[in-house]
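Numbering (our numbering), first residue to last: 8 to 258.
Laid out in structure tokens, this is it:
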């Protein structure tokens, strides 16, 4: 029988370290779930973040009706929203988790457990939204724990903008990617004209800072105000972009 000699193993010069196989850095939730986006117009970016409302079927339909790039916030306390997230992602929309379902007198450990459960149930989410009147946003220790969790998991954190920007400083210290919402478009019974004026102000903010994020619902007045704004002159001065483009840099 024919005997084949074993293949020779290349020798490493004496004293020279053997290179180790490269282990790629794990990809965080933001990069993993960000939708593809590019823009070379040079215009400022505006991220429109909408809070999902209603049943699953009507929610997807209303988001589609907006006719542009939006990021959708889903409430994990509504079990029906869990099936909506993959559908939204498949349609090209990004998803955020509303972090508002915490036990009374929550501790940092409660934040860790809750956020871990939320993100496990919503693997398609790019990040979490901290409501301004929620337990996390109003407690520095809880906020620090949320930012540390996000830094480890690679989730983005969306907060309400404030003059002190405490959330931004804590996020920077934890190494988390965070963005503040410039304005809430609705929530206090605003009519369509008021929504349009708020979007106009947000447009000026985007021109000053290079980008801006606004938050709104999916009510009739909000949608009418958004439609009127997009049809006006100022609607053309910015590019509607996914939230990830503000955090990762849209090109």
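Ideal Cβ positions, reconstructed from N, Cα and C, are used throughout, including at glycine.
Under a three-way DSSP split, which group does residue 220 fall into? strand
Grab me the residues of residue 57's own chain with a C-beta within less than 6 Å of its C-beta, minus the 5 sequence neighbours each way, in chain order. Answer for residue 57: 77, 79, 223, 225, listed in chain order.
Going straight from the alpha carbon of residue 233 to that of residue 116, what length do you get? 40 Å
Residue 163: first and last residue of the uninterrupted beta strand (DSSP E) it sits in: 163-167
Cα-Cα separation, residue 135 to residue 151: When the Cα atoms are used, residue 135 and residue 151 turn out to be separated by approximately 14 Å.
Excluding the five sequence neighbours on either side, which residues of its own chain have a C-beta within less than 6 Å of the C-beta of residue 198, listed in chain order? 228
Can you look up residue 78 in the DSSP assignment and give me helix, strand or coil? strand
According to DSSP, residue 52 sits in a beta bridge with which residue or residues? 218, 246
Any idea if residue 98 is buried or exposed, counting beta-carbon neighbours within 10 angstroms, 16 or more meaning buried? The residue in question, residue 98, is exposed, as its Cβ has fewer than 16 Cβ neighbours within 10 Å.
Segments assigned alpha helix (DSSP H), at least 4 residues, entirely inside the stretch 142-196: 147-160, 173-181
Close-in-space but distant-in-sequence residues of the same chain around residue 242 (CB under 6 Å, 5 per side omitted): 236
Which of the three DSSP states, helix, strand or coil, is assigned to residue 63? helix
Sequence-distant residues of the same chain with beta carbon closer than 6 Å to residue 121, five excluded per side: 109
Please classify residue 135: does DSSP put it in a helix, a strand, or coil? Residue 135: strand per DSSP, three-state reduction.
By DSSP, does residue 34 sit in helix, in strand, or in coil? coil
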